[in-house]
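One structure is given here, and the rest of the page talks about it.
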Amino acid sequence: MVLYRALDELLGAPQRDWIAESQKAREKAKAQAKLARDKQLAAHVLNTTPSLVLNKYAGVYTDSLYGDVNVKETNGKLSLTYGNTIDAMLEHWHYDTFVATASSVTVGKLMTTFALGADGKVKTVELQGLGVFGRRPEPVDSARRAVGAQR
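Per this note's numbering, the sequence shown runs over residues 1 to 151.
Right, dumping it as structure tokens:
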């Protein structure tokens, strides 16, 4: 706030109460966040199950700009990692949407939605506020293919 006052003085701008304006902006953002959360809760469909068994969601999802998101299934639970910034457990929300609860308080909770293709396999994952990541194809096991070709 001191910086803004100094800039106002330097530029000859009229004095403003930067503290009050900042507080008003924070309150507005808080109200908007609550409204968005309330809307999300109202849209929550209870008693649904994922379309697939959990290990079918596991894989590497990628974006040319943002890099890789890794989803793993361990002991009947899904987890998600994104670089060094997000390490989260996934909890089923509804349908093919999960809530990623990150260990870092700054990240918090992210709605994570998987989209299936016509073949019934997961094609993408969308991390709320980050973007849509496409599933990286599974590596081809060339040794297995070579054995099959010999038959």
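C-beta: ideal position from N, C-alpha, C; glycine also.
- Following the DSSP letters along the chain, one finds residue 4 inside the alpha helix (DSSP H) bounded by residues 2-11.
- DSSP places residue 24 in no beta strand (DSSP E) but in the uninterrupted alpha helix (DSSP H) bounded by 18-42.
- Taking the Cβ atoms as the reference, residue 74 lies roughly 18 Å from residue 68, outside the contact range of under 8 Å.
- About 19 Å separates the beta carbon of residue 80 from that of residue 49, a gap too long to meet the 8 Å contact definition.
- Three or more beta-carbon pairs separated by less than 8 Å are not found between the segment 25-38 and the segment 81-91, which leaves the two stretches without contact.
- With a threshold of 16 other beta carbon atoms within 10 Å, residue 100 meets it and is buried.
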